[in-house]
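> The sequence shown maps to residues -11 to 58 in my numbering. I'd like to ask you about the structure that follows.
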Amino acid sequence: MEILNVFLNYIFDRIAIEASKRAQRNGESKIDAIEIQYAVLQVFQRGDLAMYSMWAGLTALRKYCKPQEK
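See the structure below:
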């Protein structure tokens, strides 16, 4: 279990670093969703895993941002 935790922390750190670099290059002071998307593509080398990660992230974001129905 510890190995999986270390791996996920490593991947999260790489995505955060890449997104931060992109935001700095664009002169932004915060990281937006587009920087995170490009960072995921960069970290996962634009393969199937990157595309699936992008799709799953966008789906989760849409569910989270969807207005709550009463």
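C-beta: ideal position from N, C-alpha, C; glycine also.
1) Would you kindly work out how many angstroms separate the C-alpha atoms of Asp36 and Trp43, rounded to a whole number?
2) From what residue to what residue does the alpha helix (DSSP H) around Gln12 run?
3) Under a three-way DSSP split, which group does Glu23 fall into?
4) Round the Cβ separation of Glu6 and Val31 to the nearest angstrom and send it over; I've been treating them as touching at under 8 Å.
5) Among the candidates Ala38, Gln12, Asp20 and Lys51, whose CA atom is the shortest distance from the CA of Val28?
Well, looking at it:
1) Taking the sequence shown and counting its residues from 1, the one referred to as residue 36 is at position 48. Taking the sequence shown and counting its residues from 1, the one referred to as residue 43 is at position 55. C-alpha separation (whole angstroms): 11 Å.
2) Here the question's residue 12 lines up with position 24 in the sequence shown. Glu(-10) to Arg13 is the span of the alpha helix (DSSP H), which, as asked, contains Gln12.
3) Against the sequence shown, residue 23 aligns to sequence position 35. DSSP places Glu23 in helix when its eight states are reduced to three.
4) By one-based count along the sequence shown, residue 6 stands at place 18. By one-based count along the sequence shown, residue 31 stands at place 43. Rounded, the Cβ-Cβ distance is 6 Å, consistent with contact.
5) Taking the sequence shown and counting its residues from 1, one reaches residue 28 at position 40. Of Ala38, Gln12, Asp20 and Lys51, the residue nearest in Cα terms is Ala38.
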